[in-house]
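When we follow our numbering, the leftmost residue of the sequence shown carries the number 79, and every step to the right adds one.
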Amino acid sequence: MKEYSLPELLAPAGGREQLEAAVLYGADAVYLGGSVLSLRAKCQGFDGKALEEAVRLAHEHGVKVYYCLNALPFDEHLPLVEEQLDALPDLGVDGLIAADPGVIRLALRRCPGVELHLSTQAHSVNASAVEFWSEVGVKRINLARELSKEAMESLIRRFPSMDFEIFVHGAMCLSLSGHCLISAWVNNRPANLGLCTQPCRFEYRGITLTVEEALRRDGPFLDIEQGEDFSAVWAPMDLCLVRWMEEIVRMHPAALKLEGRTKSGSYVAQVTDVYRTALSLAGTLGEKTPEDAEGLPQDAFVEELLHTASRPLCSGFFLPERVVEKAPHDFSPRPVVARVVEPGPNGGWQVEVRSPWNADTDASLLLPGMRRPKLCAGSYVLENHRGEKAERLNPGMHGTLYADLPGIAPGIYLRA
79 MKEYSLPELL APAGGREQLE AAVLYGADAV YLGGSVLSLR AKCQGFDGKA
129 LEEAVRLAHE HGVKVYYCLN ALPFDEHLPL VEEQLDALPD LGVDGLIAAD
179 PGVIRLALRR CPGVELHLST QAHSVNASAV EFWSEVGVKR INLARELSKE
229 AMESLIRRFP SMDFEIFVHG AMCLSLSGHC LISAWVNNRP ANLGLCTQPC
279 RFEYRGITLT VEEALRRDGP FLDIEQGEDF SAVWAPMDLC LVRWMEEIVR
329 MHPAALKLEG RTKSGSYVAQ VTDVYRTALS LAGTLGEKTP EDAEGLPQDA
379 FVEELLHTAS RPLCSGFFLP ERVVEKAPHD FSPRPVVARV VEPGPNGGWQ
429 VEVRSPWNAD TDASLLLPGM RRPKLCAGSY VLENHRGEKA ERLNPGMHGT
479 LYADLPGIAP GIYLRA
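Listed below in structure tokens is the structure:
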């Protein structure tokens with residue numbers, strides 16, 4: 079069976095824990111930024127020594143690091159842009175992600191040895207734009223989420239010397255690749271400086287106006303999530319393309335990108351793990367036989383991702399008709415209850431507790447490769463930070479886990 083060359087799996091790293099999770103669970107590269115002008119002001123970010131250590135950690139594990147400077151800065155921000163650009167060559171980052179032409183111009187002058195990647199904020203959707211950015215010196219383009227599979231495939235075939243990156247999972251903006259003014263207008267928090275308060279996720283109530291779209295009688299104009307008297311009218315679904323990994327591998331993109339620099343370490347771990355597993359399997363299923371018609375275990379991938387989802391998952395603009403993932407009728411999302419920190423006393427493991435954890439419930443280890451060995455209730459023991467046997471550990475607590483199960487290691491998450 080033919081093996082296809084695999085695109086790079088690019089995972090978000092909003093902070094140190096997320097970086098460690100991405101590395102442990104199989105990312106080929108991570109994208110991160112400083113505390114300002116990286117389009118994610120709410121995430122921890124990396125500055126100074128922390129950034130140096132992040133690059134070192136990633137490179138020790140063969141993982142590339144791309145630095146985000148993809149906000150759309152005003153004049154008063156340019157000195158800070160220049161300061162960050164000047165520091166990049168010595169840090170050894172593998173690429174710079176930018177969107178603003180002014181930032182790209184400065185980057186070409188101040189750090190010409192750093193590979194330039196074009197952010198989805200630049201909203202590249204056509205061949206002329208690709209030619210322009212190629213002439214400027216951009217080496218990789220993150221295509222806009224609004225493109226269809228056919229449109230992306232056409233650009234990838236037409237420009238073999240350009241690397242293309244596509245989003246396959248995560249939040250989608252109500253506006254074109256993040257060019258939204260709702261947050262700036264409502265809360266004076268400009269999205270394009272990384273300050274978005276996500277008012278599209280807020281719940282609203284119509285008071286004097288009812289709107290009905292007259293021409294689409296065959297289906298809903300907007301899917302509205304109703305909650306009490308208020309509704310999340312504007313909230314788009316999240317993107318999820320895990321079902322189409324085989325087709326995506328055949329398109330030959332350079333990288334597949336996971337959204338989520340403001341997400342938790344456990345989110346990064348689970349999503350990276352699913353896409354790493356799906357991508358690796360897709361590389362060996364390029365020419366399936368009829369006997370192998372079932373292909374990838376797509377339902378298992380989707381169900382695993384549903385444990386992380388806060389909104390419905392869908393195919394976005396990838397397909398002509400949007401596919402919305404529906405959970406099995408007996409599905410119940412299980413929270414991550416803890417993260418293993420380090421070996422503890424007497425063969426135990428120190429854990430950080432993230433959700434209420436009752437010792438009389440079954441738990442599962444989240445091991446790379448989507449391995450989920452079970453810790454049956456009664457087969458493990460929990461102790462609190464004082465070394466006392468505990469029937470329950472609560473979020474924020476540190477405790478010790480005693481369990482005889484291979485695979486437990488620092489950085490591993492547990493679900494119950």
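No residue lacks a Cβ here, since even glycine has one placed at the ideal position from N, Cα and C.
Identity of the residue in the options nearest residue i by Cα
i	options	result
ILE175	GLU231, TYR480, GLU325, PRO90	PRO90
LEU147	GLU224, LEU194, GLU154	LEU194
SER113	VAL133, SER83, TYR145	TYR145
THR478	LEU460, PRO277, LEU334	LEU460
VAL181	ASP168, GLU160, ALA378, GLY173	GLU160
SER388	LEU357, LEU359, GLY338, ALA437	GLY338
LEU97	SER202, GLU86, VAL133, ARG183	VAL133
PRO446	HIS201, ASP351, SER83	ASP351
SER83	GLY489, VAL415, MET329	MET329
MET240	LYS217, CYS258, MET250, SER232	LYS217
LEU319	ALA360, GLY343, MET475	ALA360
SER202	VAL192, GLY343, ARG188, ALA222	ALA222
GLU213	GLY191, SER232, GLU231, LEU186	LEU186
ASP377	TYR103, PRO277, VAL431, ALA405	ALA405
LEU169	LEU443, GLY126, LEU317, TYR491	GLY126
GLN122	ALA105, ARG94, GLU131	ARG94
GLU130	ALA105, ASP172, TRP435	ASP172
PRO314	LEU88, GLU324, PRO277	PRO277
ALA441	HIS155, ILE490, PRO85	ILE490
LEU471	LEU384, ASN436, THR362	ASN436
ALA165	ARG183, ARG188, LEU150, SER261	ARG188
HIS247	GLU420, ILE326, HIS137, PRO375	ILE326
LEU115	GLN162, HIS476, ALA487, ARG432	GLN162
ALA149	MET448, HIS257, PRO190	HIS257
VAL419	GLY191, HIS385, HIS476, PRO375	HIS476
LEU156	ASN204, GLY343, ARG183	ARG183
MET250	ARG412, PRO167, ASP316, LEU444	ASP316
GLY474	PRO85, ARG432, VAL349, VAL346	ARG432
LEU88	PHE280, ASN266, GLU281, PHE245	PHE245
MET448	ALA262, GLU281, MET230, ALA347	ALA347
VAL414	ALA468, THR386, PRO390, GLY215	THR386
TRP427	PRO451, LEU384, PRO488	PRO488
PRO390	SER344, GLU403, VAL380	GLU403
Status (buried if at least 16 other CB within 10 Å, exposed otherwise) for residue i
i	result
ASN220	buried
LYS341	buried
GLU243	buried
HIS497	With the chain represented from 79 up to 494, any question about residue 497 goes unanswered, as that position is not in the structure.
LEU382	Going by the sequence as given, residue 382 is Glu instead of Leu. When all chains shown are included, GLU382 counts as buried.
SER393	buried
LYS142	buried
PHE152	exposed
SER410	exposed
ALA324	Reading off the sequence shown, one finds Glu at residue 324, where the question assumed Ala. Classification of GLU324: buried, given that the 10 Å Cβ count is 16 or more.
PRO179	exposed
LEU110	buried
GLY104	buried
GLU372	Bear in mind that a pLDDT of 48 at GLU372, under 50, signals an unreliable position, so the model cannot answer this.
HIS139	exposed
HIS463	exposed
ARG321	buried
LEU259	exposed
VAL264	exposed
GLU369	A caution first: GLU369 carries a pLDDT of 41, below 50, which makes its placement in the model too unreliable to give a value.
Residues that DSSP places opposite residue i in a beta bridge
i	result
THR340	Paired residue(s): none; THR340 is not in a bridge.
PRO421	TRP427
ARG493	VAL414, SER442
ARG449	LEU445
THR478	GLN428, GLU461
TRP435	LEU471
PHE73	Residue 73 lies beyond the residue range present for the chain, which begins at 79 and ends at 494; the question has no answer from this structure.
ILE175	CYS146, HIS195
LEU89	First, the residue type needs correcting, since residue 89 is Ala and not Leu in the sequence shown. Partner(s): VAL108.
LEU391	ASP316
VAL402	CYS392
**Prompt:** Which ranges would you report for the alpha helix (DSSP H) in the stretch 99-147 if only whole runs of at least 4 residues count?
**Reply:** 126-138
**Prompt:** For the 8 angstroms Cβ check, are there 3 or more pairs between the stretch 394-404 and the stretch 215-233?
**Reply:** yes
**Prompt:** Which whole runs of the alpha helix (DSSP H) in the stretch 201-229 are 4 residues long or more, in chain order?
**Reply:** 205-214
**Prompt:** Pairing CB atoms from the stretch 350-358 with CB atoms from the stretch 452-470, are three or more of them under 8 angstroms?
**Reply:** no
**Item:** Contact the stretch 199-217 vs the stretch 231-245: 3+ CB pairs below 8 angstroms
**Value:** yes
**Asked** Do the stretch 476-494 and the stretch 329-337 make contact, defined as three or more Cβ pairs closer than 8 angstroms?
**Response** no
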